[in-house]
Amino acid sequence: MAIHVEYFGPATDVTHKRDDLITMESYPVSLNKVWSWINEKYGTEFGDYIITACNIALNTEYIDFDKEKPTLAFDQVQVKDGDEVVILPPVSSG
Amino acid sequence: MCDWPIEQEGYTWYGLKNDNIVVFLTYAEIPVQKCIEFVKHGDAGAVIYFGGTTRETFEGREVVHLEYEAHIKMALKTLRNIATNTINSNHSKIHRIVICHRLGVVPKKEESVLIALSSTHRDHGWRAAEEALEDIKKSAEIWKKEQYFKGHSWKGSNDNYLQ
Numbered sequence: 001m002a003i004h005v006e007y008f009g010p011a012t013d014v015t016h017k018r019d020d021l022i023t024m025e026s027y028p029v030s031l032n033k034v035w036s037w038i039n040e041k042y043g044t045e046f047g048d049y050i051i052t053a054c055n056i057a058l059n060t061e062y063i064d065f066d067k068e069k070p071t072l073a074f075d076q077v078q079v080k081d082g083d084e085v086v087i088l089p090p091v092s093s094g
Numbered sequence: 095m096c097d098w099p100i101e102q103e104g105y106t107w108y109g110l111k112n113d114n115i116v117v118f119l120t121y122a123e124i125p126v127q128k129c130i131e132f133v134k135h136g137d138a139g140a141v142i143y144f145g146g147t148t149r150e151t152f153e154g155r156e157v158v159h160l161e162y163e164a165h166i167k168m169a170l171k172t173l174r175n176i177a178t179n180t181i182n183s184n185h186s187k188i189h190r191i192v193i194c195h196r197l198g199v200v201p202k203k204e205e206s207v208l209i210a211l212s213s214t215h216r217d218h219g220w221r222a223a224e225e226a227l228e229d230i231k232k233s234a235e236i237w238k239k240e241q242y243f244k245g246h247s248w249k250g251s252n253d254n255y256l257q
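Shown next, in the form of structure tokens:
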């Protein structure tokens, strides 16, 4: 088991894949740790894009965070083994 | 609301349905006439239909095709909430509604999004359909890619932020 991170739309132009499975040494971890993992793997420019332009959902529920100080909220969100973290760029249906 | 996905006519339809509401996502061509038939209602004097179709060009560049992807579970929940809100917030003047969005490659001139609803009078119907469409474009977890002969572009408020 692991944490499942899903990417959509323009985010996949950076990741070149739909998802990642992240294995942590112990669970639960904070969302901050997952965000740091994404920054390390894809670079801080992508991490900044997520913060400034995207929404984040945990198991389909949106995470509320301050774009100026996202880590304050991320530290409070617990992510467990088997959870899904979703990166949602600005939507563009129609 | 029924379970999803539904296998029908060889395609997977991700849908939610009750007596007055149908919302679905499909990789197949949208069955426009079926949607219109569903919303017809004995108390309705109007059926409003909106079909969003794919254009051949964007800012002078020829579009080969449009391609859509969705977080299916989240998008269906959002579409269901929009459909439910359309009926609940119009004081019994909207009777039935269908919202559908197509996924995958959509050839030029075919529908990518559909709203059909029935209303007691036409003025409420027009307004409700317009509001529903705005809500869909604002919040449904769906992404549009315009494929050109050379390269592609994701649409959205932060278009090309990463390029």
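Top to bottom, those sequences are chains A and B. Quick note on this note's numbering: the first sequence kicks off at 1 and runs consecutively. Quick note on this note's numbering: the second sequence kicks off at 95 and runs consecutively. Virtual Cβ for every residue (Gly too), placed ideally from N, Cα, C. Note that the structure is predicted; figures quoted are calculated from it, not measured.
*Compare the beta carbon distance of A/T71 and A/Y42 with 8 Å and say whether it is the shorter of the two.*
no
_Residue from A/Q78, A/V79, A/I38 and A/L58 with nearest C-alpha to A/D102_ = Since the displayed chain A opens at 1 and closes at 94, residue 102 of chain A lies outside it and no answer follows.
*Kindly list, in the order they appear in chain A, the residues whose Cβ is closer than 8 Å to that of B/E163.*
F8 and G9
*Quick one, are the C-beta atoms of A/D75 and A/I3 less than 8 Å apart?*
no
*Going by the beta-carbon positions, is the gap between A/S93 and B/I230 smaller than 8 Å?*
yes
*Using 8 Å as the Cβ pair cut-off and three pairs as the minimum, do the region 130-144 of chain B and the region 207-214 of chain B touch?*
yes
*DSSP on A/G9, reduced to helix/strand/coil?*
helix
*Considering only residues of the same chain and omitting the five flanking positions on each side of B/V207, which have a CB-CB separation below 6 Å?*
G146 and H195
*Closest Cβ-Cβ distance between B/W98 and chain A: below 8 Å?*
Per-residue confidence for B/W98 stands at a pLDDT of 47, beneath the threshold of 50, marking its modelled position as unreliable; the derived number appears in the next sentence. Closer than 8 Å: no.
*Please decide whether A/L88 counts as near chain B, where near means a Cβ-Cβ distance under 8 Å.*
yes
_Please tell me whether A/T44 has its Cβ less than 8 Å away from any Cβ of chain B._
no
*Compile a chain-ordered list of the residues in the region 53-67 of chain A whose CB is closer than 8 Å to at least one CB of chain B.*
A53, A57 and T60
_Distance cutoff 8 Å, beta carbons only. Does A/V91 sit that close to anything in chain B?_
yes
*Please compile the residues from chain B whose C-beta is within a distance smaller than 9 Å of the C-beta of A/G47.*
In chain order: nothing, as chain B lies at least about 12 Å away.
*Residue of B/A164, B/H159, B/R155 and B/H218 minimising C-alpha distance to B/I181*: B/H218
*For A/V77, which residues from the same chain have a beta carbon less than 7 Å from its beta carbon, with the 5 sequence-adjacent residues on both sides left out?*
S30, L31, L58 and I63
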